[in-house]
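Enquirer: Residue numbers (the UniProt record's numbering): 1 to 292.
This is the structure I have questions about; it appears just below.
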């Protein structure tokens, strides 16, 4: 999938092909996230991350935590060298607010990565979408969870179900993304679509795709190269361009950075908006069914 980076320097456009006001939009998005509350009291928005092994799912969770905490934060364990999934369990991550014992009304679920072997089974991901898998389940790469398993939830409520599915893909591995993984991604997407679950794609490690972005993150939307990579991903898995967001996860920094925060918050706001729309639609359906 894709092609190797050209040795010649890609041209930097005078105007970005996707507009972002780095300072103003960051503050606007941050305030949106900080003040977000679902319309239904007690509702929790559940975000499920999936994607190939090593794509940066756990690092994305840590990066979002860092943005909202205003400091480096490591809760989801990540690994940079293993070719097998470092995440083995179905894990729910809450993000604490400034006040003790108060949390944002959205959670991230991290799962075992997709790979050529010893990866998460697509059937388990489908069950997770429906809310049937409890937090802490240890994935079995050879057999899906059974209905009599202690971590199987037979009657999930709306809070248990996934409200937005996020595909996390590493930008510098796009050229070597295998057909097998693409097929698994498409199967998971089809299952989510059948359930009406909206989908977003996060393109991570964009700073490693070309030196112009590594030198200045603001160049990300000024390069046709980035747009073409996003178009390739869109064509391959079917996610629309306006639902694909390039980001740089925190991985070597010791302090947060304004430009990194801006891209992360832009993606997070859109994830929350899509998930919230899904929750409201499901609640409307439930109300209609009660009065039908």
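The beta carbon of each residue, even a glycine, is placed where N, CA and C say it ideally should be.
Who pairs with residue 102 in a beta bridge, going by DSSP?
Expert: According to DSSP, residue 102 bridges with nothing at all.
Enquirer: Do the CB positions of residue 279 and residue 105 come within less than 8 Å of each other?
Expert: For residue 279 and residue 105, no; Cβs fall outside 8 Å.
Enquirer: Taking the alpha carbon of residue 109 as the reference point, which residue from 283, 50, 224, 208 has its own alpha carbon closest?
Expert: The candidate whose alpha carbon is nearest that of residue 109 is 50.
Enquirer: Quick check on residue 243 - is its C-beta less than 8 Å from some C-beta in chain C?
Expert: As a matter of chain content, chain C is missing from the structure shown, which is built from one protein chain.
Enquirer: State the Cα-Cα distance for the pair residue 117 and residue 266, rounded to the nearest angstrom.
Expert: Taking the straight line joining both Cα atoms gives about 34 Å.
Enquirer: Just grab the DSSP bridge partners of residue 246 for me.
Expert: Note: residue 246 sits in a beta bridge opposite 203.
Enquirer: Under 8 Å Cβ to Cβ from residue 218, same chain only, skipping five residues before and after it: list those, please.
Expert: Result list for residue 218: 22, 259, in chain order.
Enquirer: Among 67, 204, 40, 29, whose alpha-carbon lies nearest the alpha-carbon of residue 52?
Expert: Answer by Cα proximity: 204.
Enquirer: Based on the DSSP secondary-structure assignment, which residues constitute the bridge partners of residue 96?
Expert: 103, per the DSSP bridge assignment.
Enquirer: What is the DSSP secondary structure of residue 211, counted as helix, strand or coil?
Expert: Helix at residue 211.
Enquirer: Check whether the Cβ atoms of residue 342 and residue 164 sit closer than 8 Å, and answer yes or no.
Expert: It is not possible to answer for residue 342, since the shown part of the chain is limited to 1 through 292.
Enquirer: For residue 89, write down the residues that DSSP places opposite it in a beta bridge.
Expert: According to DSSP, which records beta bridges pairwise, residue 89 is partnered with 138.
Enquirer: Near residue 103, what residues of its chain come up, given a Cβ to Cβ distance below 8 Å and the 5 sequence neighbours on each side ignored?
Expert: Result list for residue 103: 94, 95, 96, 97, in chain order.
Enquirer: Which ranges would you report for the alpha helix (DSSP H) in the segment 21–51 if only whole runs of at least 4 residues count?
Expert: Runs of the alpha helix (DSSP H) inside the segment 21–51: 22–35.
Enquirer: Going by C-alpha to C-alpha distance, which of 214, 142, 139, 253 sits closest to residue 59?
Expert: When only C-alpha atoms are compared, the closest one is 253.
Enquirer: Report yes if the C-beta distance between residue 263 and residue 246 is below 8 Å; otherwise report no.
Expert: Against a cut-off of 8 Å, the Cβ pair of residue 246 and residue 263 comes out as a contact.
Enquirer: Under 8 Å: do the segment 134–141 and the segment 168–179 share three or more Cβ pairs, one atom per stretch?
Expert: Output reads no: the segment 168–179 does not touch the segment 134–141.
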